[in-house]
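Novice: Going by numbering that gives the first Met the number 0, the first residue of the sequence shown is number 0, and it counts up by one from there. Glycine is no exception: its CB is placed at the ideal position from the N, C-alpha and C atoms. Structure provided below as structure tokens; questions to follow.
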Amino acid sequence: MNPSLLLTTNQPSVNPTTTTFLSPFLNPTPLRFTRKISQKRRHYRYNYGLSTVRSSASSVPDKPPSSSISVKPDVFGGKKELSTIQSLVDAMSPPIRIASSALVFAGAVAAGYGLGVRFGGSRNAGVGGAIALGAAGAGAAYALNSCVPEVAAINLHNYVADFEDPAALNKEDIDAIANKYGVSKQNEAFNAELRDIYCRYVSAVFPTGTEELRGDEVDTIIKFKNALGIDDPDAADMHMEIGRRIFRQRLETGDRDGDIEQRRAFQKLIYVSTLVFGEASAFLLPWKRVFKVTDSQVEVAVRDNAQRLYASKLKSVGRDIDVNQLVSLREAQLAYRLSDELAEEMFKEHARKLVEECISLAVGSLKSRARATEATRVIEELDKILSFNNLLISLKNHPDASRFAPGIGPVSLVGGEYDGDRKMDDLKLLYRAYITDSLSSGRMEEDKVW
């Protein structure tokens, strides 16, 4: 047995999971804007109300089989109805619509000329009639074509709202709807619908209340963003819009618990948004300009949430840790954007707590009155500690150790429950019990030497 495993020195403990987010947005004093924030580029209001109405779109691509549902389709609202002229446009293909517009205009010109000649009695009157009715026909043709983007947007909304699993959308589906009506995704009406759909989806992906992030939000949002084909600047605007909504809710909150809930929600929004847009988030997400959040405070939000996610991942790690778990931990650490330094500290702390659990059980058994029945359990718990420590040492020297989570190595009790003079006596008792058991046969057994 290595005595250094049980002996400690008094050093200040480092707890990487206890941090404070000091954003002005999160201060009890409400934030006051220095200038009015407005969206000049768009004049659409984004409604986040939920509806249980399901809808269907006409002449839309076939939907693929549903996968596991993470966001319910009713978050996009109910079916939008088409007006009479919109229904007429919806039934026409682009070539037919263009031909119909030309026929309407030509028919109006011809009818106007005929009526002018008939009632005016001259060719000039016919030309005047052709101009008058031609203008009316042109107006009708323009009205017919001007509502096409709105029809495309309504069909896009109805299609997504009726999709059983929104996460299973693909870019081809959205492109097919745009191509069906001959509109560009940059068209104002169609783009506004894309923005609204994306905003609703992102809002639904975030956990409600004080629930923690699950860890798959970033990948889920990126996948949906790519499927919609929405540009990053437009998508980033929607993340800022969600931030404004959280801010408004915070101003309306009258109790302290609700205020804390909104602070946590805003912090999670910063973290997920930063990971969704990567390096581009520096100029796509103007947290400082809109909410007076500095770059250092954004870093704190990213660090805190990354630590929470990694801590949740560490909960599945026990004393039987293997290579696959260590590789998975490393992948999670990189995905969460947690620094190697913090990941190493957190893993060492987790390993120390696993050892402390065994120590506490061993101490409890050692001090139990039923010494005869508990003596064996004391040695069993100490053997678990030594086996775990030996496993970590062997994993540290593994050929693929570079692919493992940081922090693999011998366990240290420094900074933990048993790092203090008051607990030193307990460790000495355990050490004495282990030595006594090891020499019970009159000599030190080989399997007791580590």
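Could you spell out the range, first to last residue, of the alpha helix (DSSP H) harbouring C357?
Specialist: What you label residue 357 is simply residue 358 of the sequence shown in a count that begins at 1. Taken as a continuous stretch (DSSP letters only), the alpha helix (DSSP H) holding C357 covers D339 to L365.
Novice: Once the 5 residues before and after L155 are set aside, which same chain residues still bring their CB inside 6 Å of it?
Specialist: Counted from its first residue, the sequence shown places residue 155 at position 156. The answer, listed in chain order, is I176 and E192.
Novice: So does the segment 403-422 actually touch the segment 355-363, counting three or more Cβ pairs closer than 8 Å?
Specialist: yes
Novice: Give the C-beta separation of K184 and N178 to the nearest angstrom, bearing in mind that I take them to be a contact with Cβ-Cβ under 8 Å.
Specialist: Residue mapping note: residue 184 aligns to position 185 of the sequence shown, counting from 1. Residue mapping note: residue 178 aligns to position 179 of the sequence shown, counting from 1. Between N178 and K184 the Cβ distance is about 10 Å, and since that is not below 8 Å, they are no contact.
Novice: Drop a sphere of 10 angstroms on the beta-carbon of V322, count the other beta-carbons inside from all chains shown, and report buried for 16 or more, exposed for fewer.
Specialist: Along the sequence shown, read from residue 1 onward, the residue named residue 322 stands at position 323. So V322 ends up on the exposed side.
Novice: Give me the residue from R402, Q248, T375 and L328 with the minimum Cα distance to G214.
Specialist: Walking along the sequence shown from the start, residue 214 turns up at place 215. Residue L328 is the option with its Cα nearest to G214.
Novice: Going by CA-CA distance only, name the one from G76, E298 and C146 that's closest to T83.
Specialist: Your numbering for residue 83 matches position 84 in the sequence shown. Here the closest residue by C-alpha is C146.
Novice: Measuring alpha carbon to alpha carbon, tell me which of K347, V150 and N169 ends up nearest G181.
Specialist: Against the sequence shown, residue 181 aligns to sequence position 182. If we check each option's Cα against that of G181, V150 comes out closest.
Novice: Report, in whole angstroms, the separation of the C-beta atoms of I320 and V297, which I expect to be a contact under 8 Å.
Specialist: In the sequence shown, the residue the question calls residue 320 occupies position 321. In the sequence shown, the residue the question calls residue 297 occupies position 298. With a Cβ gap of about 33 Å, I320 and V297 do not count as contacting.
Novice: Might you give, ordered along the chain, the residues of its own chain that have their beta carbon closer than 7 Å to the beta carbon of N186, omitting 5 neighbours on each side?
Specialist: Working through the sequence shown from its first residue, we reach residue 186 at position 187. The answer, listed in chain order, is P148.
Novice: Alpha carbon to alpha carbon, how far is Q248 from V410? Give it in angstroms, no decimals.
Specialist: For this step, residue 410 is matched to residue 411 along the sequence shown. For this step, residue 248 is matched to residue 249 along the sequence shown. Whole-angstrom Cα-Cα distance: 46 Å.
Novice: Just to check my reading of the structure: L391 and A400 have Cβ atoms closer than 8 Å, yes? What is that Cβ distance to the nearest angstrom?
Specialist: To locate residue 391, count along the sequence shown from 1; it is residue 392. To locate residue 400, count along the sequence shown from 1; it is residue 401. The pair is not a contact, with the Cβ atoms about 11 Å apart (cut-off 8 Å).
Novice: When you compare only the Cα positions, how much space is there between L429 and H349?
Specialist: Here residue 429 corresponds to residue number 430 of the sequence shown, with the count starting at 1. Here residue 349 corresponds to residue number 350 of the sequence shown, with the count starting at 1. The straight-line gap from Cα to Cα measures roughly 22 Å.
Novice: Work out the CA separation of I384 and S359 for me, nearest whole Å.
Specialist: Here residue 359 refers to the residue found at position 360 when the sequence shown is read from its first residue. Here residue 384 refers to the residue found at position 385 when the sequence shown is read from its first residue. Each residue's Cα considered, the two are about 11 Å apart.
Novice: So, does the segment 298-305 touch the segment 329-337, judging by three or more C-beta pairs under 8 Å?
Specialist: Contact between the segment 298-305 and the segment 329-337 is present, because at least three Cβ pairs lie under 8 Å.
Novice: Start and end of the alpha helix (DSSP H) containing K427?
Specialist: On the sequence shown, position 428 is the one that residue 427 refers to. According to the DSSP assignment, K427 belongs to the alpha helix (DSSP H) that extends over D420 to S437.
Novice: With burial defined as no fewer than 16 other Cβ atoms inside 10 Å of the residue's Cβ, what is the status of E240: buried or exposed?
Specialist: Position 241 of the sequence shown, counted from the start, is the residue given in the question as residue 240. Burial call: buried.
Novice: Is it the case that the Cβ atoms of I229 and V275 are separated by a distance below 8 Å?
Specialist: The residue labelled residue 229 in the question sits at position 230 within the sequence shown. The residue labelled residue 275 in the question sits at position 276 within the sequence shown. Taking 8 Å as the Cβ cut-off, I229 and V275 do not qualify as a contacting pair.
Novice: Going by beta carbon distance, what residues of the same chain come within less than 7 Å of I434, once the five residues before and after it are set aside?
Specialist: The residue you call residue 434 lines up with position 435 of the sequence shown. Counting only Cβ-Cβ distances below 7 Å, and skipping sequence neighbours, we find nothing.
Novice: Does D254 come out as helix, strand or coil in the three-state DSSP assignment?
Specialist: Counting from 1 along the sequence shown, the entry for residue 254 is found at position 255. Coil.
Novice: Relative to the alpha-carbon of L227, which residue among A361, P165, D73 and A404 has its alpha-carbon at the smallest distance?
Specialist: Taking the sequence shown and counting its residues from 1, one reaches residue 227 at position 228. Nearest C-alpha to L227: P165.
Novice: If you count every other CB in all the chains shown that lies within 10 Å of the CB of G317, and 16 or more means buried, which is it?
Specialist: Residue numbering aside, residue 317 sits at position 318 when the sequence shown is read from its first letter. Exposed, since its Cβ has fewer than 16 Cβ neighbours within 10 Å.
Novice: Just tell me which of L325, G277 and I245 has its CA closest to the CA of F290.
Specialist: As a working mapping, residue 290 is identified with position 291 in the sequence shown. With distances taken between Cα atoms, F290 lies closest to I245.
Novice: In terms of residue numbering, what span does the alpha helix (DSSP H) encompassing F75 cover?
Specialist: Taking the sequence shown and counting its residues from 1, the one referred to as residue 75 is at position 76. For F75, no alpha helix (DSSP H) segment is defined, and its DSSP state is neither H nor E.
Novice: How about E216 and V271: are their beta carbons less than 8 Å apart?
Specialist: Start at 1 with the first residue of the sequence shown, and residue 216 comes out as number 217. Start at 1 with the first residue of the sequence shown, and residue 271 comes out as number 272. Contact flag set, yes.
Novice: Sort S295, S280, Y197 and G242 by Cα distance to R262 and report the nearest one.
Specialist: Working through the sequence shown from its first residue, we reach residue 262 at position 263. That would be G242, whose Cα lies nearest to the Cα of R262.
Novice: If I'm right that L308 touches L168 with Cβ under 8 Å, what's the distance once you round it to whole angstroms?
Specialist: Numbered from 1 along the sequence shown, position 309 holds the residue referred to as residue 308. Numbered from 1 along the sequence shown, position 169 holds the residue referred to as residue 168. The Cβ separation is near 26 Å, so there is no contact.
Novice: Restricting to Cα atoms, I'd like to know which of V362, N389 and A404 is closest to A432.
Specialist: For the purposes of this step, residue 432 is identified with residue 433 of the sequence shown, where counting begins at 1. Ranking the options by Cα distance to A432, first place goes to V362.
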